[in-house]
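Numbers in this note's numbering are just positions in the sequence shown, counted from 1, shifted up by 2. Idealized CB from N, CA, C, for every residue including glycine. This report refers to the structure that appears directly beneath it.
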Amino acid sequence: MVSVMDRVNSSRQNYSVERLVRVGYYKLEQTIGKGNYAVVKLATHVVTNTKVAIKIIDKSKLDEDNLKKIFREIQILMKLRHPHIIRLYQVMETDRMIYLVTEYAAGGEIFDYLVKNERLSEEQACRIFHQIVAAVSYCHSRNVVHRDLKAENLLLDANMNIKLADFGFSNNFEAGKKLCTCCGSPPYAAPELFQGVQYDGPKADIWSLGVVLYVLVCGSLPFDGQTLIALKNKVISGKFRVPYFMSAECEQLIRQMLLLDPERRYSIRQIRAHKWMAQVPMDPLLEVAENPTIDLELPEINQTVVEHMLQLPGLNREMIIEAVQGNHFDHISAIYHLFVDK
Ligand SMILES: CC1(C)C(=O)N([C@H]2C=Cc3c(O)cccc32)c2nc(Nc3ccccc3)ncc21
3 MVSVMDRVNS SRQNYSVERL VRVGYYKLEQ TIGKGNYAVV KLATHVVTNT
53 KVAIKIIDKS KLDEDNLKKI FREIQILMKL RHPHIIRLYQ VMETDRMIYL
103 VTEYAAGGEI FDYLVKNERL SEEQACRIFH QIVAAVSYCH SRNVVHRDLK
153 AENLLLDANM NIKLADFGFS NNFEAGKKLC TCCGSPPYAA PELFQGVQYD
203 GPKADIWSLG VVLYVLVCGS LPFDGQTLIA LKNKVISGKF RVPYFMSAEC
253 EQLIRQMLLL DPERRYSIRQ IRAHKWMAQV PMDPLLEVAE NPTIDLELPE
303 INQTVVEHML QLPGLNREMI IEAVQGNHFD HISAIYHLFV DK
């Protein structure tokens, strides 16, 4: 399934993830997240001395279609390379476990930042929202819908930059083709998902972006409810409260994303052209990152890093070039990219 997976030795006292201390070239540290079949740990790559996050999946706890979902998430993460999307560096597999080594978002969830700081100023929200829109636009341009956009999945790096995480619900879509799997988090879910009809993936992501922008500026959800039914009725009514402190421009942009009719909902282009978005200039680097043609170019090799790696035992130039230009996710490509991103 996955391109180049390493079979690794993992030293452990007894068979529990908690007591695992090392996997491959990674020293495992504290647990930063726990799911029902995965644990996420902070780790240090001993060769480059950089921090990474490792999602440790116990395959034995997964049924067939959850295992398929994991492999789909890995395939999708392998093709995404964007400054505001969590980067996958390496995939390791043993008979029982899968280890996904990714970029570590040191700032944690923006959700927690909002809980602490109540809400963002509209200017701060605009800077952050440009990054979120760029990450989603990049996914859509590569025929990937996220389908679980929410404040809990918007991570921050050490410099308050967005790192979109958790492509567990993402999927590949074909332009114009409808999707039908209903997923994501109800307060962020578009009305058409509640109606169980087939829906347009990207347009459902745009609705979630509208909810995200509301949450960034207000620090609360536009649609909420004690029960799923109460929530659903609010979402399909399309009515939400606008607090006194929200500017008219911000309200207008949110309304254009939270339109019940998916066909009338703003596109990414229209979002970016909206005057509320002009208060913070869009980072020119993001224009480049978005253009799908950059995937076709072979990434130019960083010779300094190659020279540095040639000091390591057992490595030669062609192994490094092959791992990088062959888009591997093995130890060699991880050492190279972790040095480059350091
Ligand atoms: C491997 C990957 C992508 C991942 O799966 N998670 C988990 C773990 C916790 C969590 C969450 O709380 C929300 C979303 C994703 C996640 C990651 N968490 C981080 N940083 C972090 C740092 C302090 C608090 C929360 C997250 N960096 C990378 C990841």
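Not a single heavy atom of ligand 1 lies less than 6 Å from the C-beta of Asp67.
Here Met284 carries a coil assignment [DSSP, helix/strand/coil]. Ranked by how close their Cα comes to the Cα of Glu176, the residues Ser143, Glu111, Tyr216 have Ser143 in first place.
In this structure, Glu124 sits near Cys252, with a CB-CB distance shorter than 7 Å. The C-beta distance from Gly186 to Ser210 rounds to 7 Å, short enough to fall under 8 Å. Assigned with DSSP and collapsed to three states, Asn235 falls in helix.
Judged by pairs of C-beta atoms under 8 Å, the segment 138-158 touches the segment 103-116, as three or more such pairs exist. In this structure, the alpha-carbon of Ile164 lies about 15 Å from that of Cys141. A distance below 7 Å separates the beta carbons of Val54 and Val103.
With 6 Å as the limit, the residues whose C-beta approaches any heavy atom of ligand 1 more closely are Ile34, Gly35, Val42, Ala55, Lys57, Ile88, Thr104, Tyr106, Ala107, Gly110, Glu111, Glu154, Asn155, Leu157, Ala167, Asp168, in sequence along the chain. Gly212 is positioned such that its CB atom lies no closer than 7 Å to that of Val147.
Less than 7 Å divides the Cβ of Met94 from the Cβ of Gly26. DSSP places Leu317 outside both helix and strand once states are collapsed to three, so it counts as coil.
Contact between His84 and Met284 is absent: CB atoms are separated by about 14 Å, not below the 8 Å threshold.
Just measuring C-alpha positions, the residue of Ala137, Arg98, Thr50, Ile78 sitting nearest Ile87 is Ala137. Contact between the segment 267-283 and the segment 296-309 is not established, with fewer than three Cβ pairs separated by less than 8 Å.
In the three-state reduction of the DSSP assignment, Glu120 falls in the coil class, being assigned neither a helical nor a strand state.
Boundaries of the beta strand (DSSP E) harbouring Thr46: 40-47, taken from the DSSP string.
With respect to the 7 Å criterion, Gln77 and Ala336 are not classified as neighbours on the basis of their beta carbons.
By the criterion of a C-beta distance shorter than 8 Å, Thr46 is surrounded in its chain by Tyr28, Lys29, Glu31, Thr52, Lys53, Val54, once the five residues flanking it on both sides are discounted. Here DSSP, grouped into helix, strand and coil, assigns Thr183 to coil.
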